[in-house]
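Chemist: Note that the protein sequences, when read in sequence, are chains E, F and C.
Going by the working numbering, 501 is the number at position 147 of the first sequence; the sequence numbering is gapless.
Going by the working numbering, 463 is the number at position 109 of the second sequence; the sequence numbering is gapless.
Going by the working numbering, 493 is the number at position 139 of the third sequence; the sequence numbering is gapless.
Glycine is no exception: its CB is placed at the ideal position from the N, C-alpha and C atoms.
Mind having a look at this structure? Questions to follow.
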Amino acid sequence: MAEVVHMIDSDVFLAFSTYATIVVLKMMLMSLMTAYFRMTKQAFSNLEDTNLVKATEDRKKFVRVDPDVERVRRCHLNDLENIIPFVVIGLLYALTGPDLSMALLHFRVFVGSRFVHTVAYVMAVPQPTRALAFGIGLFTTFSMAYRVLTTALFL
Amino acid sequence: MAEVVHMIDSDVFLAFSTYATIVVLKMMLMSLMTAYFRMTKQAFSNLEDTNLVKATEDRKKFVRVDPDVERVRRCHLNDLENIIPFVVIGLLYALTGPDLSMALLHFRVFVGSRFVHTVAYVMAVPQPTRALAFGIGLFTTFSMAYRVLTTALFL
Amino acid sequence: MAEVVHMIDSDVFLAFSTYATIVVLKMMLMSLMTAYFRMTKQAFSNLEDTNLVKATEDRKKFVRVDPDVERVRRCHLNDLENIIPFVVIGLLYALTGPDLSMALLHFRVFVGSRFVHTVAYVMAVPQPTRALAFGIGLFTTFSMAYRVLTTALFL
Numbered sequence: 355m356a357e358v359v360h361m362i363d364s365d366v367f368l369a370f371s372t373y374a375t376i377v378v379l380k381m382m383l384m385s386l387m388t389a390y391f392r393m394t395k396q397a398f399s400n401l402e403d404t405n406l407v408k409a410t411e412d413r414k415k416f417v418r419v420d421p422d423v424e425r426v427r428r429c430h431l432n433d434l435e436n437i438i439p440f441v442v443i444g445l446l447y448a449l450t451g452p453d454l455s456m457a458l459l460h461f462r463v464f465v466g467s468r469f470v471h472t473v474a475y476v477m478a479v480p481q482p483t484r485a486l487a488f489g490i491g492l493f494t495t496f497s498m499a500y501r502v503l504t505t506a507l508f509l
Numbered sequence: 355m356a357e358v359v360h361m362i363d364s365d366v367f368l369a370f371s372t373y374a375t376i377v378v379l380k381m382m383l384m385s386l387m388t389a390y391f392r393m394t395k396q397a398f399s400n401l402e403d404t405n406l407v408k409a410t411e412d413r414k415k416f417v418r419v420d421p422d423v424e425r426v427r428r429c430h431l432n433d434l435e436n437i438i439p440f441v442v443i444g445l446l447y448a449l450t451g452p453d454l455s456m457a458l459l460h461f462r463v464f465v466g467s468r469f470v471h472t473v474a475y476v477m478a479v480p481q482p483t484r485a486l487a488f489g490i491g492l493f494t495t496f497s498m499a500y501r502v503l504t505t506a507l508f509l
Numbered sequence: 355m356a357e358v359v360h361m362i363d364s365d366v367f368l369a370f371s372t373y374a375t376i377v378v379l380k381m382m383l384m385s386l387m388t389a390y391f392r393m394t395k396q397a398f399s400n401l402e403d404t405n406l407v408k409a410t411e412d413r414k415k416f417v418r419v420d421p422d423v424e425r426v427r428r429c430h431l432n433d434l435e436n437i438i439p440f441v442v443i444g445l446l447y448a449l450t451g452p453d454l455s456m457a458l459l460h461f462r463v464f465v466g467s468r469f470v471h472t473v474a475y476v477m478a479v480p481q482p483t484r485a486l487a488f489g490i491g492l493f494t495t496f497s498m499a500y501r502v503l504t505t506a507l508f509l
């Protein structure tokens, strides 16, 4: 990591910033998708939320679990479990001074795999589409972690 | 991001460090609040945890779901879903060299919105208080992401 | 944080990179452990996932909640709630220029506590082992946050 001060101004760091921002924005859209499904399916977690829809009827019946809402929430949680590690390890990876082409390959494959994962999850595409997308994203992050540990190991 | 090496020593970066640390500490307090509610309401997820309260009675009945515990846990998960993106995008935003006043505005509005969100969630304040706090935080992060992507785009 | 540009090339930053990568990799292994338990216990969240095991029988019965899978998932969520704050606050802490020995102490204690936490959670070790591991990790992160706020406070 000797060249780190130079790297932070580099194309690799700009590329990391771009792809990290895009994939984090994608993750944040899951919040809006959950809200959308909760409103349209009228399925809420909190009694006080039900008056976002209608305040006249017996509102307790809208505090319920809906399978479509739960599906979006599982997708969101999977994003948290995979995109955050990518951002952390990707930042450290960008500081190790990798080739731009290798760095772009890692960032593009990861971000692409997570978009495929989201579509496959929300639309319930038959397996192994989602499992493959998940695995490819995981492998990409492991590959970056390998470079960080072989370049910067200090125990 | 040309001025990034200078920015990392700047007031903007110090401000980011301060507000990011404060809002992450707030998020971590949700863990302690969950633990507190689990102890006082005697509602645990794991059988081995029940002897933290009493070891004499039939302990299996304390492995149960409590609505107040679940409320705090939902608030905590919402923090993870929103505060982590703020930290990631806020770090990259701080490196793009924004005006200090604009940066402070973003950081303060976001952190303020999350404190309001937590109080509104835990105390079940009538909507749309919580929805507004959530939306303002989301918008602040989107606004920072917009600057990152327009300043540093490298695809 | 005046010495930050120098710190990012320092042993403290290399140590942070190493320990952050190790503990994030540990967190990612929880995904694989969840997948392993889902396959062996035949307990899935989505109907489309059940054909990863067998496609002949009535597959709906494999969409179910299994206590061992849920235990691993709770451990994974606890990792997210604790390891991500460590990474964020640890990065800012590394930039404040702490002594190498103090920094290593923080990083090693935290990472060690999370490995103990995982073993204690997955194997249902009697309390207070897991509670102590959780508390030690929390305290380590609070200690780093204290240094960040006393060194870099800018409100």
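List the residues of chain E whose Cβ lies closer than 7 Å to the Cβ of Ala374 (chain F), in chain order.
Modeler: Residue mapping note: residue 374 (chain F) aligns to position 20 of the second sequence, counting from 1. Going along chain E, no residue has its Cβ under 7 Å from Ala374 (chain F), so there is no contact; the nearest lies around 14 Å.
Chemist: For Arg418 (chain F), tell me which candidate among F:Cys429, F:Leu401, F:Phe464 has the shortest Cα-Cα distance.
Modeler: Locating residue 418 (chain F) in the second sequence gives position 64, counting from the first residue. Cα-wise, what sits closest to Arg418 (chain F) is F:Leu401.
Chemist: Name the one or two DSSP bridge partners that Val417 (chain E) has.
Modeler: As a working note, residue 417 (chain E) is residue 63 in the first sequence. Paired residue(s): E:Phe398.
Chemist: Across the stretch 418 to 438 of chain C and the stretch 469 to 478 of chain C, are there enough close Cβ pairs to call them in contact, namely three or more that are closer than 8 Å?
Modeler: Result yes; three or more Cβ-Cβ pairs closer than 8 Å.
Chemist: At 7 Å on the CB atoms, spell out the chain E contacts of Ile438 (chain F), in chain order.
Modeler: On the second sequence, position 84 is the one that residue 438 (chain F) refers to. Ordered by position in chain E, the residues that pass the 7 Å Cβ test against Ile438 (chain F) are Ile438.
Chemist: I need the straight-line Cα distance from Arg484 (chain F) to Thr494 (chain F), nearest angstrom please.
Modeler: In the second sequence, the residue the question calls residue 484 (chain F) occupies position 130. In the second sequence, the residue the question calls residue 494 (chain F) occupies position 140. Approximately 16 Å between the Cα atoms of the pair.
Chemist: Only counting the same chain, and skipping five residues up and downstream in sequence, which positions put a Cβ closer than 6 Å to that of Leu431 (chain E)?
Modeler: Here the question's residue 431 (chain E) lines up with position 77 in the first sequence. Within the same chain, Leu431 (chain E) has no close Cβ partners at all.
Chemist: Would you mind listing the alpha helix (DSSP H) stretches within the stretch 418 to 501 of chain E that are 4+ residues and don't spill past its ends, in chain order?
Modeler: Listed in chain order, the complete alpha helix (DSSP H) runs (minimum 4 residues) inside the stretch 418 to 501 of chain E are 421 to 448, 454 to 476.
Chemist: Could you tell me the distance, in whole angstroms, from the CA atom of Pro515 (chain C) to the CA atom of Leu406 (chain F)?
Modeler: Here chain C comprises residues numbered 355 to 509, so residue 515 (chain C) is not present and cannot be evaluated.
Chemist: Helix, strand or coil, according to DSSP, for Phe367 (chain F) in the structure here?
Modeler: Against the second sequence, residue 367 (chain F) aligns to sequence position 13. Looking at Phe367 (chain F) - three-state DSSP - the assignment turns out to be helix.
Chemist: Residues in its own chain within less than 6 Å of Ile437 (chain E) by CB, not counting five upstream and five downstream?
Modeler: Within the first sequence, numbered from 1, the residue matching residue 437 (chain E) stands at position 83. Hits under 6 Å: Val377, Met381.
Chemist: Count the C-beta pairs between the stretch 491 to 509 of chain F and the stretch 444 to 461 of chain F that are closer than 8 Å, then say yes if the count reaches three, no if not.
Modeler: Judged by Cβ distances under 8 Å, the stretch 491 to 509 of chain F makes contact with the stretch 444 to 461 of chain F, as three or more pairs qualify.
Chemist: Taking C-alpha atoms, which residue in C:Phe508, C:Ala506, C:Phe464 lies nearest to Ala487 (chain C)?
Modeler: Taking the third sequence and counting its residues from 1, the one referred to as residue 487 (chain C) is at position 133. Among C:Phe508, C:Ala506, C:Phe464, the Cα nearest to that of Ala487 (chain C) is on C:Phe464.
Chemist: Taking buried to mean at least 16 other C-beta atoms within 10 Å of its own C-beta, is Ala369 (chain E) buried or exposed?
Modeler: Position 15 of the first sequence, counted from the start, is the residue given in the question as residue 369 (chain E). Result: buried.
Chemist: Would you grab the beta carbon distance between Ile490 (chain C) and Ser467 (chain C) for me? Rounded to a whole angstrom, and I think it's under 8 Å.
Modeler: As a first step, residue 490 (chain C) must be located in the third sequence, where it is residue number 136. As a first step, residue 467 (chain C) must be located in the third sequence, where it is residue number 113. With a Cβ gap of about 4 Å, Ile490 (chain C) and Ser467 (chain C) count as contacting.
Chemist: Tell me the DSSP secondary structure of Phe508 (chain E) in three-state form.
Modeler: Position 154 of the first sequence, counted from the start, is the residue given in the question as residue 508 (chain E). Reduced to three states, the DSSP call for Phe508 (chain E) is coil.
Chemist: Using a Cβ-Cβ distance cut-off of 8 Å, determine whether Met382 (chain C) contacts chain B.
Modeler: Annotation note: the requested chain B is absent from the structure, which comprises protein chains E, F and C.
Chemist: For Leu503 (chain C), which three-state DSSP category applies?
Modeler: Taking the first residue of the third sequence as 1, we reach residue 503 (chain C) at position 149. Leu503 (chain C) falls in the helix class under three-state DSSP.
Chemist: By Cβ distance, which residues of its chain are closer than 6 Å to Tyr373 (chain F), with the 5 residues on each side in sequence left out?
Modeler: Within the second sequence, the letter at position 19 stands for residue 373 (chain F). Contacts found: Phe461, Val465.
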